[in-house]
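Contents: one structure, followed by commentary.
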Amino acid sequence: MKTTLNRRSLCKKMLLAASISLATLSASTAALAEIGYPEKEELKFGFIKLTDMAPLAIAYEKRYFEDEGLYVTLEAQANWKVLLDRVIDGQLDGAHMLAGQPLGATIGFGTKADIITAFSMDLNGNGITVSNDIWEQMKPNIPVGADGKPVHPIKADALKPVVDKYKAEGKPFNMGMVFPVSTHNYELRYWLAAGGIHPGYYAPEKGDISGQLQADALLSVTPPPQMPATMEAGTIYGYCVGEPWNQQAVFKGIGVPVITDYEIWKDNPEKVFGVSKEWADKYPNTHIRVVKAMIRAAKWLDENNNANRPEAVEILSRPAYVGADAEVIANSMTGTFEYEKGDKREVPDFNVFFRYNATYPYYSDAIWYLTQMRRWGQISEQKPDSWYMDIAKKVYRPDIYAVAAKELIADGVMDAADFPDFDSEDGFKAPQTQFIDGITYDGKKPNEYLEKFNIGLKGADKI
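Below you can see the structure in the form of structure tokens.
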């Protein structure tokens, strides 16, 4: 995907003429200064074949990276572990990451490494799909509207009798998710637990990282593009994944998406752009310029009421990016979502890339992920609220984001109204109420939040 770009020398001359070096990142955040020439021009970024990698693709295709003097190669990765490992060892300069990956790496769940993010790639974008057989068993438990169609959102209460039946018959009820620290894992667990289905615990201090201790439904890792085939083979009965792999099940006639993550937690944060802290410290100007380009891409994806989405669909359908049929990608990317075959509904915010300050790395988003790590045993011991805040501030870097955003405003490319008020923004969203179980989340009170759940670790609980 790397191309020869004849604007390179021109960009370099222009940027050198305007260059002011940033001695340290803290100096750059103290006052808005012109960003210096990028310390590293040739960059390689990794991604997984999902539609929410779109900001990377658009920043490349629209030459926003080039505008910043950056010459980027985008490279699809086999799975999330390979992607993270290649960022850690320096084979990749950065990557499209699960929001939980920088946090998990920093606290040492899995590979220990200091990974940071200064850019949130999107909101929403996932779904939970079950096989046709499981859907038929669920349907008697789902209310039907006047139009004869299932009433949404569909809660896991409708799945519980099915899981109970499998347990009574001594059969494991297997479901797939994409990675232990993925949004998909936590969303699937959240949905199941809200319906009284225990998704299991991790016990890393005992050497058990299966996440299946005390589980009613057994969750395991499957790479996103393999989800439909794995379910079709009968290895799993359902899964939680990003697009286009839920819609793929509809098109193949092998399963039914029962709920989107928008319905589990409205406007939830999904992917981030992650880099190693060492890389960010070594190349601060480069990092800021990467964030600038990706902010522009995110805005392009959402502007004029998603008017650019059809073009984005065509780009993402190319083999170098997602490589799925454009019709499949468009089924969710253009403001609709198809549940049961023929039951296509309006979901204009299924994919959000810029609206609602989607690109801003909120501390409260980081802390929600940490609470779920604690809830399911990935964090094995109780931690004070201050610990959650310290980790969030170590990993999520709105200070870097603010420099990039202010530069875009100064460049005349974007308006101050496009961003949070950086003078008053504290990194915490107001308490969020739109979860499927009705529980309110306040990022400033993580331990109080954990106490609200009937299923899950809290307080001094240990496995």
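Letter by letter, the sequence shown follows residues -33 to -1, 1 to 430 of mature numbering (1 follows the signal peptide of the UniProt record, and there is no 0). Every residue, glycine too, gets a C-beta built ideally from N, C-alpha and C.
By a C-beta neighbour count over all protein chains shown, 10 Å radius and 16 as the cutoff for buried, is T202 buried or exposed?
Within the sequence shown, the letter at position 235 stands for residue 202. Exposed is the call here.
Could you spell out the range, first to last residue, of the beta strand (DSSP E) harbouring G222?
As a working note, residue 222 is residue 255 in the sequence shown. Run containing G222: G222 to T227, per the beta strand (DSSP E) assignment.
Among residues of its own chain, excluding the 5 on either side of G162, which ones have a beta-carbon nearer than 6 Å to its beta-carbon?
Here residue 162 corresponds to residue number 195 of the sequence shown, with the count starting at 1. Same-chain partners within the cutoff: K122, A123, D124 and K127.
Can you look up F321 in the DSSP assignment and give me helix, strand or coil?
For the purposes of this step, residue 321 is taken as the residue at position 354 of the sequence shown. Three-state DSSP puts F321 in coil, outside helix and strand.
Would you mind sorting I231 into buried or exposed? The rule is 16 or more other CB atoms within 10 Å of its CB.
Indexing the sequence shown from 1 puts residue 231 at position 264. Flag for I231 reads buried.
Going by beta-carbon coordinates alone, are A85 and R364 separated by less than 9 Å?
Position 118 of the sequence shown, counted from the first residue, corresponds to residue 85. Position 397 of the sequence shown, counted from the first residue, corresponds to residue 364. Yes, these two residues count as a Cβ contact at 9 Å.
Could you have a look at V380 and say whether DSSP puts it in helix, strand or coil?
Stepping through the sequence shown from its first residue, residue 380 is reached at position 413. V380 falls in the coil class under three-state DSSP.
A117 by DSSP, collapsed to three states: which one?
Locating residue 117 in the sequence shown gives position 150, where the first residue counts as 1. The residue you asked about is not Ala; residue 117 is Pro in the sequence shown. P117 falls in the strand class under three-state DSSP.
Would the beta-carbon of T227 fall within 9 Å of that of G94?
Here residue 227 refers to the residue found at position 260 of the sequence shown. Here residue 94 refers to the residue found at position 127 of the sequence shown. Yes, the Cβ-Cβ distance between T227 and G94 is below 9 Å.
Under 6 Å Cβ to Cβ from E418, same chain only, skipping five residues before and after it: list those, please.
Counting from 1 along the sequence shown, the entry for residue 418 is found at position 451. Correct list, in chain order: K425.
Provide the residue span of the beta strand (DSSP E) that contains T84, from first to last.
The count along the sequence shown starts at 1 and reaches residue 84 at position 117. Element bounds for T84: I82 to S87.
Please list the terminal residues of the continuous beta strand (DSSP E) segment that includes Y306.
As a working note, residue 306 is residue 339 in the sequence shown. Y306 -> no beta strand (DSSP E), and no H or E assigned at all.
Where DSSP assigns a beta bridge to D404, which residues make up the other side?
Reading the sequence shown from its first residue, position 437 is the one you call residue 404. Partner(s): none; D404 has no beta bridge.
Is S187 helix, strand or coil by DSSP?
Here residue 187 refers to the residue found at position 220 when the sequence shown is read from its first residue. Three-state DSSP puts S187 in a strand.
Which of the three DSSP states is assigned to I176 in this structure?
Reading the sequence shown from its first residue, position 209 is the one you call residue 176. Correct three-state label for I176: strand.
Return helix, strand or coil for N298, following the three-state DSSP convention.
On the sequence shown, position 331 is the one that residue 298 refers to. Note: N298 maps to helix in three-state DSSP.
Classify E237 as buried or exposed, calling it buried when 16 or more other Cβ atoms lie within 10 Å of its own Cβ.
Position 270 of the sequence shown holds residue 237. By the neighbour-count rule (16 or more Cβ atoms within 10 Å), E237 is buried.
How should V258 be labelled, buried or exposed, when 16 other C-beta atoms within 10 angstroms of its C-beta is the threshold for buried?
Walking along the sequence shown from the start, residue 258 turns up at place 291. The residue in question, V258, is buried, as its Cβ has 16 or more Cβ neighbours within 10 Å.
What separation, rounded to the nearest whole angstrom, lies between the Cα atoms of A135 and L70?
In the sequence shown, residue 135 corresponds to position 168, counting from 1. In the sequence shown, residue 70 corresponds to position 103, counting from 1. For A135 and L70, the distance between alpha carbons rounds to 38 Å.
Just to confirm before moving on: does the CB-CB distance between Y204 and V97 stay below 9 Å?
For this step, residue 204 is matched to residue 237 along the sequence shown. For this step, residue 97 is matched to residue 130 along the sequence shown. For Y204 and V97, yes; Cβs fall inside 9 Å.
Smallest Cα separation from G167: which of T326, Q345 and M105?
As a working mapping, residue 167 is identified with position 200 in the sequence shown. It is Q345 whose Cα lies nearest to the Cα of G167.
Can K219 and P190 be called in contact, C-beta distance under 9 Å?
Here residue 219 refers to the residue found at position 252 when the sequence shown is read from its first residue. Here residue 190 refers to the residue found at position 223 when the sequence shown is read from its first residue. No, the Cβ-Cβ distance between K219 and P190 is not below 9 Å.
By the three-class DSSP mapping on this structure, what secondary structure does K429 have?
For the purposes of this step, residue 429 is taken as residue 462 along the sequence shown, with counting starting at 1. Three-state DSSP puts K429 in coil, outside helix and strand.
Should G178 be labelled buried (16 or more other beta-carbon atoms within 10 Å of its own) or exposed?
To locate residue 178, count along the sequence shown from 1; it is residue 211. It is buried - the Cβ of G178 has at least 16 other Cβ atoms within 10 Å.
May I ask which residues mark the beginning and end of the beta strand (DSSP E) holding L51?
Translated into positions along the sequence shown, residue 51 becomes position 84. Where L51 is concerned, there is no enclosing beta strand (DSSP E), although the alpha helix (DSSP H) it sits in stretches over W47 to I55.
Evaluate contact between the stretch 342 to 356 and the stretch 401 to 415, counting only Cβ atoms and requiring at least three cross-stretch pairs below 8 Å.
Enough Cβ pairs lie closer than 8 Å, so yes.
Rounded to a whole number of angstroms, what is the C-alpha to C-alpha distance between G423 and E281?
Counted from its first residue, the sequence shown places residue 423 at position 456. Counted from its first residue, the sequence shown places residue 281 at position 314. C-alpha separation (whole angstroms): 42 Å.
State the DSSP-derived secondary structure class of E415, mapped to helix, strand or coil.
Locating residue 415 in the sequence shown gives position 448, where the first residue counts as 1. DSSP places E415 in helix when its eight states are reduced to three.
So, for D409: in the same chain, excluding its five sequence neighbours on each side, which residues have a beta-carbon less than 6 Å away from its beta-carbon?
For this step, residue 409 is matched to residue 442 along the sequence shown. Closer than 6 Å at Cβ, skipping near neighbours: P398.
Using only alpha-carbon positions, find the residue among N141, H151 and V49 that is nearest to A200.
Walking along the sequence shown from the start, residue 200 turns up at place 233. Ranking N141, H151 and V49 by Cα distance to A200 puts N141 first.
Any idea which residues DSSP pairs F12 with across the strands?
As a first step, residue 12 must be located in the sequence shown, where it is residue number 45. Paired residue(s): L41 and G61.
Could you tell me which of A26, I2 and E8 sits nearest to L283, measuring between CA atoms?
For the purposes of this step, residue 283 is identified with residue 316 of the sequence shown, where counting begins at 1. Checked all of A26, I2 and E8; the closest Cα to L283 is A26.
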